[in-house]
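A.B. asks:
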Amino acid sequence: MNTTEKVVTRFAPSPTGKAHAGSYRTAMYAWLFARKHSGKFILRIEDTDKERNDTESEKDIYEALAWLGLSHDELYIQSKNLTRHQELLNILIQGGKAYISKEEAKDGSGIIKEIIRFKNPNKKIAFIDLVRGEIETDTTDLGDFVIARNINEPLYHLAVVIDDHDEGVTHVIRAEEHIANTPRQILIIEALGWVPPAYAHIPIVLGSDKQKLSKRKGALPMTEYAKQGYLRDAVFNCIAMIGWNPADPGSPQELFTTEELIERFDFTRVQKSGAVFNIEKLNWYNREYLKKLSFDELFLYLDQYMPEELKNKENYSQMLKKIAPILLERIEKGTDLTRMYTDGDLVYFFTQPQVDVKKIIWKGLAEDADKIGKTKKHLEGVLELITKDTMSNTSEEWKTILFPYADANGRGDVLWPTRVALSGQEKSPDPFVLIGILGKEESIGRLTHAISLLSNEA
RNA sequence: GGCUCUAUCGUCUAACGGUUAGGACGGAUCCUUCUCAAGGAUCAAAUCAGAGUUCGAUUCUCUGUAGAGUCACCA
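Set out below in structure tokens:
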């Protein structure tokens with residue numbers, strides 16, 4: 039490529055639905071390439087299909103791009119260039135490169151319309167693709183393809199070619215599905231007397247069925263990942279690395295900052311074949327980035343996804359601060375908190391839980407004739423130690439106080455009922471952590487309550 | 001079907017023509033443990049097939065096979 043020429047790339051989505059990871063990965067590559075070469079990144083909304091456009095999709099594009107940090111230097115709305123498209127369409131017709139054809143409308147109405155066809159010179163077209171090398175096609179198979187619905191309504195192939203040229207796009211970076219469109223676009227470019235830009239066709243992102251990712255098959259819109267609590271950096275890192283490896287040869291590095299990705303971007307290391315998008319890997323990335331958050335950032339993050347029902351509790355903020363570290367261990371993304379909430383894994387931190395007496399008794403004592411008496415005795419032992427102690431505060435401190443007792447009397451026999459008395463759950467963090475979080479007073483209350491339940495039972 | 005493209009563990013990928021084909025995700029096992037989560041350790045798992053070039057092929061060539069994309073008066 040010409041080094042004196044400033045690089046201009048573009049992302050040209052049509053606002054006909056919310057775009058998913060595949061589209062945005064292409065946008066990322068165009069952006070990375072432009073940033074790497076200190077060039078321009080253009081956003082062009084291709085809205086020439088009035089029937090299918092909707093403003094919600096357009097808003098979604100801006101939202102996703104802003105979230106990902108794919109800042110554009112210029113914004114174009116394709117439909118606003120209509121006059122220019124018409125002008126060049128007329129030039130093509132006058133120059134004999136295109137012609138008006140009277141044909142029956144394809145919608146089955148039987149109406150005869152005047153559509154514009156490109157006069158195909160039927161030649162071979164070859165171009166260099168930055169990802170896969172030279173691609174040659176015989177355009178004879180294409181026939182005289184349609185470039186405008188009528189003299190006033192140019193279609194995609196004409197419009198992109200004109201806009202890319204007028205906007206000074208040097209590198210057309212787009213999805214592989216456009217590979218088949220490229221020869222006919224080059225034909226139009228040549229008819230207009232212009233020089234084609236460089237092309238890079240990025241392989242398709244596939245779903246788990248190995249087919250092109252599509253909304254119909256459940257691919258989530260990019261904006262949905264933001265809503266679910268995936269971190270921008272995690273998504274950016276993960277999506278960028280589907281089909282591209284920025285690591286040094288042999289390096290196991292998987293985590294890259296956006297700056298590193300810009301610096302390392304290179305089409306020669308972009309894979310030629312399609313790649314399956316794996317949500318498990320994204321989840322892993324998200325956890326990695328979650329772990330990098332500062333405590334304050336983590337707090338703010340969790341706060342966004344905590345159920346409203348808990349936000350009303352008076353001890354909400356204090357408690358969230360205390361449980362933030364254990365929440366971090368248990369979630370992959372923000373919305374996992376709502377799942378935890380419905381599973382009952384969150385409430386007991388904020389309010390005293392309902393305790394099922396049967397759950398208090400450890401399975402190890404199930405066959406014991408005096409299981410209730412023994413369990414009660416153990417809880418009383420724990421209760422006494424806690425009540426007596428005036429020094430302990432943290433989980434570690436409580437552990438040094440209580441563990442010897444548990445060890446001496448049977449860990450399961452003691453720790454299980456203690457934990458269930460405190461949480462009401464069969465699965466939870468260990469009792470020392472729980473006491474550390476709930477505090478001495480609350481723990482005593484819950485233990486006392488459990489003991490009274492056992493007394494009623496006996 | 002025509003055209004275009006692609007081919008390394010289940011998935012994402014690494015490997016100047018020379019490696020016991022490496023890493024990560026996911027999985028399994030074990031350790032830690034009252035349960036869960038996290039953590040630690042270990043293991044299983046791939047060069048699509050067949051020819052050719054070469055002392056030597058995951059790597060280069062050809063053929064086959066498989067898969068993908070595309071064949072609109074959508075973009």
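Using the working numbering, you'd call the opening residue of the first sequence number 39 and step up by one each time.
Beta carbons: idealized from backbone N, C-alpha and C, even for Gly.
As the structure is a prediction and not an experimental result, all values here were calculated from the model.
Whose C-beta lies closer than 7 angstroms to the C-beta of residue 196 among residues of the same chain, with five residues either side of it excluded?
C.D. replies: Within the same chain, residue 196 has close Cβ partners 123, 127, 185, 186 and 226.
A.B. asks: Pop quiz: residue 340 and residue 365 are said to be a contact at Cβ under 8 angstroms. What is the actual Cβ separation, rounded to whole angstroms?
C.D. replies: 6 angstroms
A.B. asks: I need the straight-line Cα distance from residue 103 to residue 284, nearest angstrom please.
C.D. replies: 22 angstroms
A.B. asks: Taking Cβ to Cβ, would you say residue 462 is nearer than 7 angstroms to residue 400?
C.D. replies: no
A.B. asks: Any chance you could list the alpha helix (DSSP H) runs of at least 4 consecutive residues sitting entirely within the stretch 116 to 167, in chain order?
C.D. replies: 120 to 132
A.B. asks: Once DSSP output is grouped into helix, strand and coil, what is the label at residue 411?
C.D. replies: Shown here, residue 411 sits in a helix according to DSSP, grouped into three states.
A.B. asks: From what residue to what residue does the alpha helix (DSSP H) around residue 100 run?
C.D. replies: 93 to 106
A.B. asks: Buried or exposed for residue 49, going by 16 or more other Cβ atoms inside 10 Å?
C.D. replies: buried
A.B. asks: If you follow the alpha helix (DSSP H) that residue 437 is part of, which residue opens it and which one closes it?
C.D. replies: 433 to 447
A.B. asks: Near residue 40, which residues of its chain fall below 7 angstroms by C-beta distance, leaving aside the five closest residues on each side in sequence?
C.D. replies: Note that residue 40 has pLDDT 48, beneath the 50 cutoff, so the model's placement of it is unreliable and no number is given.
A.B. asks: Run through DSSP, which three-state label would residue 402 get?
C.D. replies: helix
A.B. asks: Going residue by residue through the stretch 235 to 318, where are the continuous alpha helix (DSSP H) segments of at least 4 residues, counting only ones entirely within it?
C.D. replies: 260 to 265, 270 to 278 and 296 to 302
A.B. asks: Which class does residue 74 belong to by DSSP, given the choice of helix, strand or coil?
C.D. replies: helix
A.B. asks: With respect to the beta strand (DSSP E) encompassing residue 47, which residues constitute its N-terminal and C-terminal limits?
C.D. replies: In the DSSP assignment, residue 47 falls within the unbroken beta strand (DSSP E) covering 46 to 49.
A.B. asks: Under 8 angstroms, with one C-beta from each stretch per pair, do the stretch 47 to 63 and the stretch 81 to 97 reach the 3-pair mark?
C.D. replies: yes
A.B. asks: Quick one: any contact between the stretch 75 to 85 and the stretch 101 to 117, if contact means 3 or more CB pairs under 8 angstroms?
C.D. replies: yes
A.B. asks: For my contact list, residue 398 and residue 472 are in at a C-beta cut-off of 8 angstroms; report their separation, rounded to the angstrom.
C.D. replies: Contact flag wrong, Cβ pair sits at about 14 angstroms.
A.B. asks: Among 204, 118, 159 and 151, which one has its Cα closest to the Cα of residue 183?
C.D. replies: 159
A.B. asks: Quick one: grab the DSSP three-state call for residue 174.
C.D. replies: In the three-state reduction of the DSSP assignment, residue 174 falls in the strand class, which pools E and B.
A.B. asks: Mapping the DSSP letters down to three states, classify residue 113 as helix, strand or coil.
C.D. replies: strand
A.B. asks: If the criterion is Cβ atoms closer than 7 angstroms, does the pair residue 130 and residue 305 meet it?
C.D. replies: no
A.B. asks: Please go through the same chain and pick out, in chain order, the residues whose beta-carbon is closer than 7 angstroms to the beta-carbon of residue 323, but skip the five residues on each side of it.
C.D. replies: 272, 275 and 276
A.B. asks: Counting beta carbon pairs with one atom in the stretch 351 to 361 and one in the stretch 376 to 390, are three or more of them shorter than 8 angstroms?
C.D. replies: yes
A.B. asks: Select from 484, 330, 317 and 338 the residue whose C-alpha is nearest the C-alpha of residue 243.
C.D. replies: 317
A.B. asks: According to DSSP, is residue 368 helix, strand or coil?
C.D. replies: DSSP places residue 368 in helix when its eight states are reduced to three.
A.B. asks: So who's on the other strand from residue 83, going by DSSP bridges?
C.D. replies: 115
A.B. asks: How big is the Cα-Cα spacing for residue 426 and residue 246?
C.D. replies: 58 angstroms
A.B. asks: Could you tell me how far apart the beta carbons of residue 57 and residue 259 are, in whole angstroms, since I believe they sit closer than 8 angstroms?
C.D. replies: 7 angstroms
A.B. asks: Just verifying my parser: in three-state terms, what is the DSSP assignment at residue 211?
C.D. replies: strand
A.B. asks: I'd like the list of long-range same chain contacts for residue 68, defined as Cβ closer than 6 angstroms, with 5 residues on each side in sequence excluded.
C.D. replies: Answer for residue 68: 47, 49 and 211, listed in chain order.
A.B. asks: Please report the distance separating the alpha-carbon of residue 63 from that of residue 332.
C.D. replies: 28 angstroms
A.B. asks: Let me know if residue 218 comes out buried or exposed under the rule of 16 or more other beta-carbons within 10 Å of its beta-carbon.
C.D. replies: exposed
A.B. asks: Please report the distance separating the alpha-carbon of residue 328 from that of residue 441.
C.D. replies: Cα to Cα, the separation comes out at about 32 angstroms.
A.B. asks: Nearest-angstrom Cα distance between residue 378 and residue 287?
C.D. replies: 41 angstroms
A.B. asks: Between the Cα of residue 205 and the Cα atoms of 395, 76, 119 and 424, which residue gives the shortest distance?
C.D. replies: It is 119 whose Cα lies nearest to the Cα of residue 205.
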